[in-house]
Amino acid sequence: MGETYNDAARRILASQTKQQPMSFRDIWQQMVNEGAVVPRGKTPEQSLYSVMYYKSQKRHTNPTYWFYGKGMFGLADWQR
């Protein structure tokens, strides 16, 4: 499929019917199982965490993710 880490993570979280936060490791595993992304570098799982954490910061006008702590993320829209 070849999605970006951000697009694939957002899609996976949006598909949650219960709007439950997920760990970035679980999101990563689902991305790999689906073939949604092509892993690059030595620590692609940590790259996903970095992208999600960066896009959860309040300095963004519209953050994409909500960071719950301890590697858990949800969509920021769930908090609105």
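Per the numbering used here: the sequence shown = residues 886 to 965.
Every residue, glycine too, gets a C-beta built ideally from N, C-alpha and C.
Cβ distance (whole Å) where residue i is taken to contact residue j below 8 Å
i, j, result
"TYR939", "PHE909", "Not really, about 12 Å apart at Cβ, beyond 8 Å."
Residue i, buried or exposed, once every other Cβ within 10 Å from all chains shown has been counted against 16
i, result
"VAL922", "buried"
"ARG895", "buried"
Residue closest to residue i, alpha-carbon to alpha-carbon, out of the options
i, options, result
"ARG965", "GLY954, MET957, LYS955, ASN947", "ASN947"
"GLY954", "THR928, SER932, PRO906, ASP962", "PRO906"
"MET916", "TYR890, MET937, LYS903, VAL936", "TYR890"
Residue i vs residue j beta-carbon contact at 9 Å
i, j, result
"TRP913", "GLU888", "no"
"GLY959", "LEU898", "yes"
Item to check | Contiguous alpha helix (DSSP H) assignments of at least 4 residues, all confined to the region 898–962 | outcome: Within the region 898–962, the complete alpha helix (DSSP H) runs of at least 4 residues fall at 909–919, 929–939.
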